[in-house]
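S.K.: Once you've had a glance at the structure underneath, I'll fire off some questions.
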Amino acid sequence: MVSTTPVAGRGATKRPKRRFVASAGDARTAAVFLIPATIGLVVFYIIPAIRGFYFSFTDYSVLQDPVWVGGANYSRLVGDPLFWNALWVTIYYVVLNIGFQTIIALGLAMLMHRLTRSTLIRGMALLPYFIANVVLALVWYFMMDYEIGIVNIVLDWLPGLDRVAFFGESAWAIPTVAFINIWRHMGYTALLLFAGLQTINPSLYEAASLDGASETRQFFSITVPSLRPVLAMVLVVTVTGSFQIFDTIAVTTKGGPINATRVLYFYIYDLAFGQLDFGYASALAIVLFLILIIVALLQLKLMRADESDEL
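Every position in the sequence shown, counted from 1, becomes a number in my numbering once 5 is added.
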C-alpha cells in the first residue's frame, strides 16, 4: 500500500484536479430549461425569417395568395428612388447617432472611472434607458413643439434666437431624432465602456506616468487600444440597433417632412402594413439583413475585435 503522507523535504502529494462531467440527468434538466427558449426562437424568428425570404420572391398581400415573381422585387428596388432615399437617410442617422453617442459615452465612462465609482451615479446614468422609447419620444416631441414646446419658449426668451421647427424642417428632423436616441442610450453605452475600463491594468498608466506621458498620450496609447474588443462589441450592437430605428420616427415625424425621416425600417413597415405590399417589403427586409451582416463583419475585421494591445 502506497502512503500519501507528505515526506519531509519533498512536500505534499498533489491531488488530481476534479473534472465536472455532465450526467444524463443534467443534460435532461438543461434540455427542459432550453425548450421554451428554443420554441420561441423557432416560432418567432426562424419560421418568420424563412417565410419572409420566400415572400421576397412573390407578389403577396393578405388579400390574395402569393404569386411567384422570381427576382422582380429585387430588380424593382434598384430603380426605386424611395429605397435609395431611405437608405441614405438611415446612414445619415446612423452616423450622427453612433458618432456622438460613442464619443459622449466614452467621456462619461472616463469620468466615472477617474472621478467616482458611485453606484447611485451609475444608476442615474441608466435612468433614460429604462424609459420606453415611445414614451421618451412623445415627451421630447411635445417639449420641442414649435408653438407650445418648452424648448422653443426658452429660445424665444434668449436674445438673437428664433423658434425652430425641430420635427417640421428637413434639415432639423433627423438630427433631432438622433439627439433623442443619443440622450436615451448614452448612459447604457457608457456603462459598457466603463466595464471595459475596469479590465485595464493600472500598472500600464503608472509606467506611462513615470515615462512622462501626458493624459492625452495615455488615452490614445493605452486606453483606446486596450478597449478595442469592448468598443468593437459596443459599436456592433449600437450600429445594428441604429439601422433598425423605427419607434421614434413612428410617433413623431412618421417619415416626414417630405421623406426627410423615412428611414429604411419605417419604409419597410409602410410598404407591408400601409400598402399591403408584403412581397416587396420582404425583399427590402432581406436587403437590410444583408447590409447589417456586412457592416458587422467589417466592423469586427477593421477593429480587430479579437485582439487587445494590452500586455
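Cβ coordinates follow ideal geometry from the N, Cα and C atoms, glycine included.
For the alpha helix (DSSP H) holding V159, just list the boundary residues, first then last.
M.R.: I155 to W162
S.K.: Within 10 Å of its beta-carbon, does G260 have 16 or more other beta-carbons around it, so buried, or fewer, so exposed?
M.R.: buried
S.K.: Apply the 10 Å Cβ neighbour rule to Q203 and answer buried if 16 or more other Cβ atoms are within range, or exposed otherwise.
M.R.: exposed
S.K.: Among residues of its own chain, excluding the 5 on either side of F58, which ones have a beta-carbon nearer than 8 angstroms to its beta-carbon?
M.R.: When the five nearest sequence neighbours on each side are left out, the beta carbons in the same chain lying within less than 8 angstroms of the beta carbon of F58 are those of S287 and I291, in order along the chain.
S.K.: Using the Cα positions of D85 and A170, report the straight-line distance between them to the nearest angstrom.
M.R.: 29 angstroms
S.K.: Check P71 in the structure and name its three-state DSSP category.
M.R.: strand
S.K.: What residue does the alpha helix (DSSP H) around Y151 start on, and which one ends it?
M.R.: No alpha helix (DSSP H) holds Y151; DSSP gives it neither H nor E.
S.K.: Just mark T4 as buried or exposed, buried being the case when its beta carbon has 16 or more other beta carbons within 10 Å.
M.R.: Nothing about residue 4 can be reported from this structure: the residues present for the chain run from 6 to 316 only.
S.K.: Go ahead and pull the three-state DSSP assignment for T266.
M.R.: coil
S.K.: DSSP three-state label for D167, please.
M.R.: coil
S.K.: Tell me where the beta strand (DSSP E) around F204 begins and ends.
M.R.: According to the sequence displayed, residue 204 carries Thr and not Phe. First-last for T204: undefined, no H or E at that position.
S.K.: Do we get a CB-CB distance below 8 angstroms when we pair V94 with the residues of chain B?
M.R.: No chain B appears in this structure, which consists of one protein chain only.
S.K.: Applying the 10 Å Cβ sphere with the 16-neighbour rule, what's the burial state of A318?
M.R.: Absent from the structure is residue 318, since the part of the chain shown begins at 6 and ends at 316.
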